[in-house]
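Q: Protein chains in written order, with this note's numbering: chain V, 2 to 301; chain C, 3 to 166.
Okay, here's the structure, questions in a sec.
Okay, here's the thing in structure tokens:
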């Protein structure tokens, strides 16, 4: 199968967190995509996706999302997002504007002031969904040169990758999903099942009530510690802020210890494709994945 | 002792406003089973937040008590409640609607107001500075624009025009 014929042209949507707090995610995404023959279009003036503004005013959130969609449409590209919250609001808006002409008209009245128009033709997908649906496990498996045999990994899907179900065309079950597990297991690692696997990271309330948010994060870390895994695997930069950047803070606040490495899915895939840990930004992971890399016989 | 509340026609206007918002259509079908509350990650660690109770308060038209409480800002928008509701009540959309109504009434949580201000000024939640672009260049990552004047225009006519 020739990948060029089936793949859409994608603009990589980075959102707010990744460019300044998740460059390791961006680096590894770009490396893995390149190895699989995917090219990303760069749109330097994409703004915030709109998600944070939906709490204050849904119309403003939709306007922000629509502006981003219009910028991609102008370049003839679909959107590949790697933050699940961005994926959520961009997908929801794209779906609505694809058929709701009245709303599209109202939005275009505003976009006109920016010299933009949206015709409703952009599709939005998370990178993990593209890997699963469009690239396929078989193609990924063919690129694996360093099997991650012996590694036990706890998947964390995050909330907006699959919910609300109405916007995701049922590509996976929101309550009992398998996409991320399958993408982990294609590397030879074991994807470990656990109670409350679908529990939220707490990130959305971090700015409102930090202690409450950290308590939600802690619940899951407590559970994962008992599994004896080598790492948590996730696909959203804000989930990473909670489980990785705040792991030390949770340890101090609640007088406990985890030291559980947190890797982005493309970092795990990249390792299995034989890539250098530094090229995947693993030197930027705050909880050092030293033991994990030693198990694989690679240095940081 | 339980404090009695008075349900007025005016109070029901609030209920009807929520009913009209997208996702709020099935609100009257709630039979208070508590599936939303049982699966809520916030409720698990914080008693102040009780989705079933919030729905009752809206149905009873307790506008001020709902809009002025801090719990409306605590929804983590994980959508678990909406996913599990046997009656099709899309609670995460209702929580969004409640916050949107609060904003229109001039009640804005300060941390969200700050987010709005930052996004309006810089285009993103975190400002991109020269330092970030230099660091990105060293890693071989493409440059990003530091400002997004378009957003000033988009914000200036909507419900958030007064948030600066």
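Built from N, CA and C at the ideal position, the CB exists for glycine as well.
Predicted model only: the values in this text are computed from it and were never measured.
To the nearest angstrom, report how far apart residue 62 of chain C and residue 17 of chain C are at their CA atoms.
A: As a working mapping, residue 62 of chain C is identified with position 60 in the second chain. As a working mapping, residue 17 of chain C is identified with position 15 in the second chain. Cα to Cα, residue 62 of chain C sits roughly 7 Å from residue 17 of chain C.
Q: Please confirm whether residue 31 of chain V and residue 242 of chain V have their CB atoms less than 9 Å apart.
A: For this step, residue 31 of chain V is matched to residue 30 along the first chain. For this step, residue 242 of chain V is matched to residue 241 along the first chain. Contact: no.
Q: When we look at the beta-carbon of residue 2 of chain V and count the other beta-carbons within 10 Å, is it buried (16 or more) or exposed?
A: Here residue 2 of chain V refers to the residue found at position 1 of the first chain. Unreliable positioning characterises residue 2 of chain V in this predicted model, as indicated by a pLDDT of 41, which lies under 50. A coordinate reading is not provided.
Q: Taking any Cβ of chain V, which residues in the stretch 48-70 of chain C have a Cβ under 7 Å from it, in chain order?
A: From the stretch 48-70 of chain C, only 48 have a Cβ closer than 7 Å to chain V.
Q: In its own chain, which residues sit with a C-beta less than 7 Å from the C-beta of residue 55 of chain V, not counting the 5 before and 5 after it?
A: Mapped onto the first chain, residue 55 of chain V falls at position 54. Here the set comprises 62, 90.
Q: Can you tell me which residues form a DSSP beta bridge with residue 41 of chain V?
A: Along the first chain, one-based indexing puts residue 41 of chain V at 40. Paired residues: V/11.
Q: Under the three-state reduction of DSSP, which class applies to residue 79 of chain V: helix, strand or coil?
A: Residue numbering aside, residue 79 of chain V sits at position 78 when the first chain is read from its first letter. It is a strand residue.
Q: Could you work out which residues of chain V lie near residue 102 of chain C, taking near to mean beta carbons separated by less than 9 Å?
A: Here residue 102 of chain C refers to the residue found at position 100 of the second chain. Correct list: 55, 56, 57, 58, 59, 60.
Q: What does residue 217 of chain V touch in chain C if you count any residue whose Cβ is under 8 Å from its own?
A: As a working note, residue 217 of chain V is residue 216 in the first chain. The answer, in chain order, is 43, 44, 46, 47, 78.
Q: Looking only at its chain, what residues have a beta carbon closer than 6 Å to the beta carbon of residue 236 of chain V, apart from the 5 residues adjacent to it on each side?
A: Numbered from 1 along the first chain, position 235 holds the residue referred to as residue 236 of chain V. These residues qualify, in order along the chain: 129, 266.
Q: Do residue 29 of chain C and residue 64 of chain V have their C-beta atoms within less than 9 Å of each other?
A: Mapped onto the second chain, residue 29 of chain C falls at position 27. Mapped onto the first chain, residue 64 of chain V falls at position 63. In this structure, residue 64 of chain V does not lie closer than 9 Å to residue 29 of chain C by Cβ.
Q: In chain C, which residues lie with their C-beta within 8 Å of the C-beta of residue 223 of chain V?
A: As a working note, residue 223 of chain V is residue 222 in the first chain. What residue 223 of chain V touches in chain C: nothing, since even the nearest Cβ is about 12 Å away.
Q: Looking only at its chain, what residues have a beta carbon closer than 8 Å to the beta carbon of residue 127 of chain V, apart from the 5 residues adjacent to it on each side?
A: In the first chain, counting from the first residue as 1, residue 127 of chain V sits at position 126. These residues qualify, in order along the chain: 81, 82, 83, 85, 88, 162, 236.
Q: Is it the case that the Cβ atoms of residue 215 of chain V and residue 247 of chain V are separated by a distance below 9 Å?
A: Here residue 215 of chain V corresponds to residue number 214 of the first chain, with the count starting at 1. Here residue 247 of chain V corresponds to residue number 246 of the first chain, with the count starting at 1. Taking 9 Å as the Cβ cut-off, residue 215 of chain V and residue 247 of chain V qualify as a contacting pair.
Q: Between residue 171 of chain V and chain C, is any beta-carbon pair separated by less than 9 Å?
A: Mapped onto the first chain, residue 171 of chain V falls at position 170. Residue 171 of chain V does not count as touching chain C.
Q: I'd like to know if residue 19 of chain C contacts chain V, where contact means its C-beta is closer than 9 Å to some C-beta of that chain.
A: Here the question's residue 19 of chain C lines up with position 17 in the second chain. By this cut-off, residue 19 of chain C is not an interface position.
Q: Can you find the residues in the same chain that come closer than 6 Å, C-beta to C-beta, to residue 92 of chain C, ignoring five residues on each side of it along the sequence?
A: To locate residue 92 of chain C, count along the second chain from 1; it is residue 90. Cβ within range, chain order: 25, 84.
Q: Between which residues of its own chain and residue 74 of chain C is the CB-CB distance below 6 Å, once the five residues before and five after are set aside?
A: As a position in the second chain, residue 74 of chain C is number 72, starting the count at 1. Within the same chain, residue 74 of chain C has close Cβ partners 100, 101.
Q: Can you pull the chain C residues whose beta carbon is under 7 Å from the beta carbon of residue 105 of chain V, in chain order?
A: Sequence index remark: in the first chain, residue 105 of chain V carries index 104 (1-based). The premise fails here: residue 105 of chain V is roughly 16 Å from chain C at the closest Cβ pair, so nothing lies under 7 Å.
Q: Please decide whether residue 39 of chain C counts as near chain V, where near means a Cβ-Cβ distance under 9 Å.
A: If you number the second chain from 1, residue 39 of chain C lands on position 37. With 9 Å as the cut-off, residue 39 of chain C does not count as an interface residue toward chain V.
Q: From the DSSP output, which residues share a beta bridge with residue 156 of chain V?
A: What you label residue 156 of chain V is simply residue 155 of the first chain in a count that begins at 1. Residue 156 of chain V pairs with V/234.
Q: Applying a beta-carbon distance threshold of less than 7 Å, which residues of chain V neighbour residue 118 of chain C?
A: Walking along the second chain from the start, residue 118 of chain C turns up at place 116. Under the 7 Å cutoff, chain V gives 54, 57.
Q: Between the C-alpha atoms of residue 23 of chain C and residue 129 of chain C, what's the straight-line distance to the nearest angstrom?
A: For the purposes of this step, residue 23 of chain C is taken as the residue at position 21 of the second chain. For the purposes of this step, residue 129 of chain C is taken as the residue at position 127 of the second chain. Their Cα atoms are separated by approximately 33 Å.
Q: Within 9 Å (strictly less), CB to CB, does residue 7 of chain V reach chain C?
A: In the first chain, residue 7 of chain V corresponds to position 6, counting from 1. A caution first: residue 7 of chain V carries a pLDDT of 49, below 50, which makes its placement in the model unreliable, though a value can still be read off. No - not a single Cβ of chain C is within 9 Å of the one on residue 7 of chain V.
Q: Could you have a look at residue 127 of chain V and say whether DSSP puts it in helix, strand or coil?
A: The sequence position of residue 127 of chain V within the first chain is 126, counting from 1. Residue state, collapsed to three classes: strand.
Q: I need the boundaries of the alpha helix (DSSP H) containing residue 91 of chain C, first residue and last residue.
A: The count along the second chain starts at 1 and reaches residue 91 of chain C at position 89. Segment: none, residue 91 of chain C is in no alpha helix (DSSP H) and carries neither H nor E.
Q: Between residue 269 of chain V and the rest of its own chain, which residues show a CB-CB distance below 8 Å, the 5 nearest in sequence each way excluded?
A: Residue numbering aside, residue 269 of chain V sits at position 268 when the first chain is read from its first letter. Cβ within range, chain order: 149, 154, 185, 188, 190, 232, 234.
Q: Keeping to the same chain, check which residues put their C-beta closer than 6 Å to that of residue 203 of chain V; ignore five residues upstream and five downstream.
A: Along the first chain, one-based indexing puts residue 203 of chain V at 202. Within the same chain, residue 203 of chain V has close Cβ partners 214, 217, 218, 243.
Q: Tell me which residues share the same chain as residue 180 of chain V and place their Cβ nearer than 6 Å to its Cβ, disregarding the 5 neighbours each side in the sequence.
A: Position 179 of the first chain, counted from the start, is the residue given in the question as residue 180 of chain V. Hits under 6 Å: 133, 173.
Q: Looking at the secondary structure, which residues open and close the beta strand (DSSP E) in which residue 110 of chain C lies?
A: Mapped onto the second chain, residue 110 of chain C falls at position 108. Residue 110 of chain C -> no beta strand (DSSP E), and no H or E assigned at all.
Q: With a threshold of 16 other CB atoms inside 10 Å of the CB of residue 289 of chain V, please say whether the residue is buried or exposed.
A: The residue given as residue 289 of chain V occupies position 288 in the first chain. When all chains shown are included, residue 289 of chain V counts as exposed.
Q: Is it true that the stretch 70-80 of chain V meets the stretch 103-120 of chain C, where meeting means three or more beta-carbon pairs spaced less than 8 Å apart?
A: Too few Cβ pairs lie closer than 8 Å, so no.
Q: What three-state label does DSSP hand residue 98 of chain V in the structure shown?
A: As a first step, residue 98 of chain V must be located in the first chain, where it is residue number 97. Helix at residue 98 of chain V.
Q: Report the option in C/82, C/165, C/21, C/76 whose CA atom is closest to the CA atom of residue 42 of chain C.
A: Translated into positions along the second chain, residue 42 of chain C becomes position 40. Considering only alpha carbons, the answer is C/82.
Q: Would you please verify whether the beta carbon of residue 24 of chain V is less than 9 Å from any beta carbon of chain C?
A: What you label residue 24 of chain V is simply residue 23 of the first chain in a count that begins at 1. At least one chain C Cβ lies under 9 Å of residue 24 of chain V.
Q: Quick check: the Cα distance between residue 43 of chain V and residue 55 of chain C, rounded to an integer number of angstroms?
A: The sequence position of residue 43 of chain V within the first chain is 42, counting from 1. The sequence position of residue 55 of chain C within the second chain is 53, counting from 1. One C-alpha to the other measures close to 46 Å.
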